[in-house]
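K.L.:
There are 2 protein chains.
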Amino acid sequence: MERMTIIDIAKMCGVGVTTVSRAMNNHPDISEETKAMIMKVIKENHYVPNNSARNLKRSASKTIAVLIKGITNPFFNHMIKVFEQEIQRKKYSFFLQRVDENQDEIEVAIELEKEKRLKGIVFLGGYFSHSQEKLNQLTVPFVLSTIGMTEEFDLNNYSSVSVDDFKESYRMVDYLCNQGHTKIAIITAAMDDVSIGKLRYEGYKQALKDNGIDYNAQLVWCMKENIESYTMENGYTVTKEMLETKEEFTAIYAISDNLAVGACRAIIEAGKRVPEDYSVAGFDGLDISFYYNPSLTTMKQPVVEMAEETIKILFDLINKKITHSHKIFPAELIVRESTRSLL
Amino acid sequence: MERMTIIDIAKMCGVGVTTVSRAMNNHPDISEETKAMIMKVIKENHYVPNNSARNLKRSASKTIAVLIKGITNPFFNHMIKVFEQEIQRKKYSFFLQRVDENQDEIEVAIELEKEKRLKGIVFLGGYFSHSQEKLNQLTVPFVLSTIGMTEEFDLNNYSSVSVDDFKESYRMVDYLCNQGHTKIAIITAAMDDVSIGKLRYEGYKQALKDNGIDYNAQLVWCMKENIESYTMENGYTVTKEMLETKEEFTAIYAISDNLAVGACRAIIEAGKRVPEDYSVAGFDGLDISFYYNPSLTTMKQPVVEMAEETIKILFDLINKKITHSHKIFPAELIVRESTRSLL
DNA sequence: TTGTAGGCGTTATCAA
DNA sequence: TTGATAACGCCTACAA
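Read top to bottom, the protein sequences are chains A and P. Going by the UniProt record's numbering, the first residue of the first sequence is number 1, and it counts up by one from there. Going by the UniProt record's numbering, the first residue of the second sequence is number 1, and it counts up by one from there.
(1) Do the CB positions of SER195(A) and TYR127(A) come within less than 8 Å of each other?
(2) Identify, in the order they occur along the chain, each residue of the same chain with its Cβ nearer than 8 Å to the Cβ of THR139(P), setting aside the five sequence neighbours on each side.
(3) Buried or exposed for TYR215(P), please, with buried defined as at least 16 other CB atoms from any protein chain shown within 10 angstroms of its CB.
(4) Against chain P, with Cβ distances strictly below 8 Å, would LEU243(A) count as a contact?
(5) Could you pull out every residue in the same chain whose Cβ sits closer than 7 Å to the Cβ of TYR92(A), ignoring the five residues on either side in sequence?
(6) Looking only at its chain, what residues have a beta carbon closer than 7 Å to the beta carbon of LYS134(P), apart from the 5 residues adjacent to it on each side?
(7) Taking a cut of 7 Å between CB atoms, which residues from the region 260-287 of chain P lie near chain A?
(8) For THR63(P), name the three-state secondary structure that DSSP assigns.
(9) Going by alpha carbons, who is nearest to ARG89(P) out of VAL99(P), ILE311(P), MET242(P)?
(10) Kindly confirm or deny that the region 156-165 of chain A and the region 300-310 of chain A touch, where touching means at least three C-beta pairs closer than 8 Å.
(11) Please list, in chain order, the chain A residues whose beta carbon lies closer than 7 Å to that of GLU115(P).
(12) Starting from TYR158(A), find everything on chain P with Cβ-Cβ shorter than 7 Å and list it in chain order.
(13) Hey, which unbroken runs of the alpha helix (DSSP H) at 4 residues or more fall wholly within the region 142-185 of chain A?
(14) Of the choices ARG58(P), VAL41(P), GLY125(P), PHE83(P), whose alpha-carbon is the least far from that of ILE68(P)?
(15) Please list the partners that GLU111(P) has in chain A, where partner means a Cβ-to-Cβ separation under 9 Å.
(16) Any beta carbon from chain A within less than 8 Å of GLN137(P)'s own beta carbon?
(17) With distances taken from CA atoms, which of PRO302(P), TRP221(P), VAL173(P), MET37(P) is nearest PHE329(P)?
(18) Assuming PHE123(P) is part of the beta strand (DSSP E), what are its boundary residues?
(19) Can the beta-carbon of LEU333(P) be found closer than 8 Å to that of TYR204(P)?
(20) Is ASP92(A) helix, strand or coil when you go by DSSP?
(21) Does DSSP classify MET1(A) as helix, strand or coil?
(22) Is MET24(A) close to chain P? Criterion is C-beta to C-beta, closer than 8 Å.
(23) Taking DSSP as the reference, what is the three-state secondary structure of MET223(P)?
(24) Does GLY212(P) pass the burial test, meaning 16 or more other C-beta atoms within 10 Å, or should it be called exposed?
(25) Which same chain residues end up closer than 8 Å to LYS240(A) when comparing Cβ atoms and leaving out the 5 residues on each side of it in sequence?
(26) Suppose you measure from the CA of ASN45(A) to the CA of SER59(A); what does that come to, to the nearest Å?
(27) Using a cut-off of 7 Å between C-beta atoms, extract the partners of LEU96(P) located in chain A.
(28) For ASP169(P), count neighbouring C-beta atoms within 10 Å of its own C-beta (all shown protein chains included) and say buried if the count is 16 or more, exposed if not.
(29) Establish whether the CB of LEU56(P) and some CB of chain A are separated by less than 8 Å.
(30) Roughly how many whole angstroms lie between the Cα atoms of ILE322(A) and LEU219(A)?
(31) Label THR339(A) either buried or exposed according to how many other C-beta atoms from any shown protein chain fall within 10 Å of its C-beta, with 16 as the threshold for buried.
(32) Going by CA-CA distance only, name the one from LYS300(P), ILE147(P), SER279(P), TYR278(P) that's closest to ASP287(P).
(33) Considering only residues of the same chain and omitting the five flanking positions on each side of THR19(A), which have a CB-CB separation below 8 Å?
(34) Per the DSSP calculation, ILE313(P) is bridged to which residue(s)?
(35) Kindly list the residues whose CB is nearer than 6 Å to the CB of CYS177(P), restricted to its own chain and excluding five residues on each side of it in sequence; keep chain order.
(36) Considering just the uninterrupted stretch of the beta strand (DSSP E) at LEU333(P), what are its terminal residues?
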């Protein structure tokens, strides 16, 4: 009773295990009545087949895994929904696995691929600085979605979907400059970041340069290492420090909306106003950027389109229609209440 | 090469499979040198054992699964972190599984229990209206954490950790009344909700009653069914409609902070101010309630303590120290900028 | 249409 | 300290 197996069911039904298996897996060659009878017994006895045994035996399953780094990010919620939808529409099943910040997503993927006999993998978010050798251990197609990549990677070895973090970051800062801001502080990732943090920071530097503004290291602030990154709390803490400094600035560019929200709160708490005293700009286009007060100027990533494209590429890869593909989506500069013109 | 098994490794090392297994699983009776040698070969060949086979064979694993309903909720993030920490501190491994809104968490749990040979389960969030019969199919201990339960359940059949949603909701509305508000609108769950939505709504009604305020159905608004529940968008949409009505009110009580944020934005967009024109109160004590502008009056759930207690109870259950336990934590009424007194 | 038996990759048992 | 071998629970040729 404790642990029922397919054999128990077979015995109870007075049939062979094969027949039970057929009934459960919707095989064609089984009579409707025996099938119904078996299913009834299964229901009544609450028999649940053991997935491990299934996966072990099955040579291949039609499942796609989505590995998401740092589940905290609300940015992913919309994307996940699209993934799930699209994958199910293709009659594949969908497996979502969160990967911890300090876990190696490739290792998780390798293990999962074997365990679940995956057909494909989507890596969502995070950095990506793995050795080619490791990547090669993945024998099924995979797509890197919204992942900052260092450029050393051979583009022929993987597929990806993302925005151009450098360029879009540049656009944001360029916009700020065009509004007359010359003292633009940035809240960015740690200096040793090699991912989107670095790219967005580089975009900032370049935009300043092209606008004839001298780079001022006093205006570059990194997220606190001891606080979870890309959180409101982090933006808040950094901005508070920033405001205690006597360094002058008229705008803060936070490389994510969450940081921007934290920055706004710090400014307000200091008795200043956004955007009258300080303009604040974010990045990502999260929901909160619309609902916050003041609403946040941001760079909106086309999450739905990106998610759809991710799945499209993945299935093209699976069906061997393409070799590798890199799709860059344009982000949309949304100007809202949190920034103002100085001109 | 494609698919390496333990046998391949054994051959390469010139040992038996048992020895390889021993090396991998830190068994005591194996010499350090052979172990080192085997591990080296494994590393070099990137051999990764198949988890399905392991789970199938292993009679029991030391793993705890956390099933979380609707991953969207930022409320859970802090809790998850605590879970992970505590579980690892007990030398158990931690498996997080998201359960879709319209999926049956018990069924997922039953399957997972067999597949992974779980030692315990934490159900996080969502409603809980399952038959006793179904619950009985779970053969390992489980704890319901922050889950709204209908009262028909026999308390001797499960353990739980939560706040008293009815009472704390009552307190919030009572506070509003004490501030002189008599026309208090509520944004709540659908009327057929049987979970925290219902409990918080009942608390609202009772508080009004006890304050001698007539219940006004015109002031009761439910989340839109066609928009994801408990989102800013939902609160925003509902509040917009609310404002178009000529029904008067001085305060909005949203049964979650996210809804409250949406409500604020709708009010601001209508050219009104919070709290001067309308007071807005939330529930949960999410980060955003602190960072929003105006900061939100809310009922803060002691998430860390609740998470710790959840794990404590679970392990007590596993170690048969207790039978069943129900821990109710007090929430904290945090008064901030979004509400004002009318007196 | 149904049943028997072998194997999926591991770990546990027992003997060496 | 090691190694052969029997499970673990299921699926699937193949046979009936």
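All C-beta atoms, glycine included, are put in the ideal place defined by N, C-alpha and C. If you're wondering where the values come from, they're calculated on a predicted model, not measured in any experiment.
P.N.:
Per the coordinate set shown:
(1) Working through the first sequence from its first residue, we reach residue 195(A) at position 195. Working through the first sequence from its first residue, we reach residue 127(A) at position 127. Yes; because the gap between Cβ atoms is below 8 Å, this pair is in contact.
(2) Mapped onto the second sequence, residue 139(P) falls at position 139. Same-chain partners within the cutoff: GLU113.
(3) If you number the second sequence from 1, residue 215(P) lands on position 215. It is exposed - the Cβ of TYR215(P) has fewer than 16 other Cβ atoms within 10 Å.
(4) Taking the first residue of the first sequence as position 1, residue 243(A) is located at position 243. It does not: the Cβ of LEU243(A) has no partner Cβ on chain P nearer than 8 Å.
(5) Translated into the one-based positions of the first sequence, residue 92(A) becomes position 92. Result list for TYR92(A): LYS62, THR63, ILE64, LYS119, in chain order.
(6) Position 134 of the second sequence, counting from 1, holds the residue named residue 134(P). If the five residues before and after LYS134(P) are omitted, its C-beta is found closer than 7 Å to the C-beta atoms of ILE106, all from its own chain and listed in chain order.
(7) VAL261, GLY262, CYS264, ARG265, ILE268, ASP287
(8) Numbered from 1 along the second sequence, position 63 holds the residue referred to as residue 63(P). It is a strand residue.
(9) Position 89 of the second sequence, counted from the start, is the residue given in the question as residue 89(P). With distances taken between Cα atoms, ARG89(P) lies closest to ILE311(P).
(10) Contact between the region 156-165 of chain A and the region 300-310 of chain A is present: three or more C-beta pairs spanning the two stretches fall below 8 Å.
(11) On the second sequence, residue 115(P) is found 115 positions in, with the first residue counted as 1. Ordered by position in chain A, the residues that pass the 7 Å Cβ test against GLU115(P) are ASN50, ASN51, SER52.
(12) For the purposes of this step, residue 158(A) is identified with residue 158 of the first sequence, where counting begins at 1. By Cβ distance, chain P contributes nothing, its closest Cβ being about 18 Å from TYR158(A), past 7 Å.
(13) 165-178
(14) Your numbering for residue 68(P) matches position 68 in the second sequence. Cα-wise, what sits closest to ILE68(P) is GLY125(P).
(15) Sequence index remark: in the second sequence, residue 111(P) carries index 111 (1-based). Result: VAL48, PRO49, ASN50, ASN51.
(16) Looking up residue 137(P) in the second sequence gives position 137. True, the Cβ-Cβ gap to chain A drops below 8 Å.
(17) Residue 329(P) sits at position 329 when you count from the first residue of the second sequence. Nearest of PRO302(P), TRP221(P), VAL173(P), MET37(P) to PHE329(P), Cα basis: PRO302(P).
(18) For this step, residue 123(P) is matched to residue 123 along the second sequence. Unbroken beta strand (DSSP E) run through PHE123(P): 120-124.
(19) Locating residue 333(P) in the second sequence gives position 333, counting from the first residue. Locating residue 204(P) in the second sequence gives position 204, counting from the first residue. Contact flag unset, no.
(20) The residue labelled residue 92(A) in the question sits at position 92 within the first sequence. Per the sequence shown, the amino acid found at residue 92(A) is Tyr instead of Asp. Residue state, collapsed to three classes: coil.
(21) Here the question's residue 1(A) lines up with position 1 in the first sequence. Only weak support is given to the placement of MET1(A): the predicted model assigns it a pLDDT of 46, under 50, and the value that follows is read from those uncertain coordinates. Annotated three-state conformation of MET1(A) is coil, per DSSP.
(22) To locate residue 24(A), count along the first sequence from 1; it is residue 24. At a cut-off of 8 Å between beta carbons, MET24(A) makes no contact with chain P.
(23) On the second sequence, residue 223(P) is found 223 positions in, with the first residue counted as 1. MET223(P) falls in the coil class under three-state DSSP.
(24) To locate residue 212(P), count along the second sequence from 1; it is residue 212. Label assigned to GLY212(P): exposed.
(25) One-based indexing of the first sequence puts residue 240(A) at position 240. Contacts found: ALA266, GLU269, ALA270.
(26) For the purposes of this step, residue 45(A) is identified with residue 45 of the first sequence, where counting begins at 1. For the purposes of this step, residue 59(A) is identified with residue 59 of the first sequence, where counting begins at 1. The straight-line gap from Cα to Cα measures roughly 28 Å.
(27) Locating residue 96(P) in the second sequence gives position 96, where the first residue counts as 1. Residues of chain A whose Cβ lies closer than 7 Å to the Cβ of LEU96(P) are, in chain order, ARG98.
(28) Indexing the second sequence from 1 puts residue 169(P) at position 169. For clarity, residue 169(P) is Ser in the given sequence; the question names Asp instead. Its Cβ being crowded by 16 or more others within 10 Å, SER169(P) is buried.
(29) In the second sequence, residue 56(P) corresponds to position 56, counting from 1. For LEU56(P), the answer is yes, since a Cβ of chain A falls inside 8 Å of its Cβ.
(30) Your numbering for residue 322(A) matches position 322 in the first sequence. Your numbering for residue 219(A) matches position 219 in the first sequence. Going by the C-alpha atoms only, they are around 45 Å apart.
(31) By 1-based counting over the first sequence, the position of residue 339(A) is 339. Burial call: buried.
(32) Here residue 287(P) corresponds to residue number 287 of the second sequence, with the count starting at 1. Per the Cα distances, LYS300(P).
(33) Start at 1 with the first residue of the first sequence, and residue 19(A) comes out as number 19. ALA10, CYS13, ILE30, THR34, ILE38.
(34) Indexing the second sequence from 1 puts residue 313(P) at position 313. Looking at the DSSP assignment, ILE313(P) forms no beta bridge with any residue, so it has no partner.
(35) Position 177 of the second sequence, counted from the first residue, corresponds to residue 177(P). Around CYS177(P): ASN211.
(36) Counting from 1 along the second sequence, the entry for residue 333(P) is found at position 333. Start and end: 332-334.
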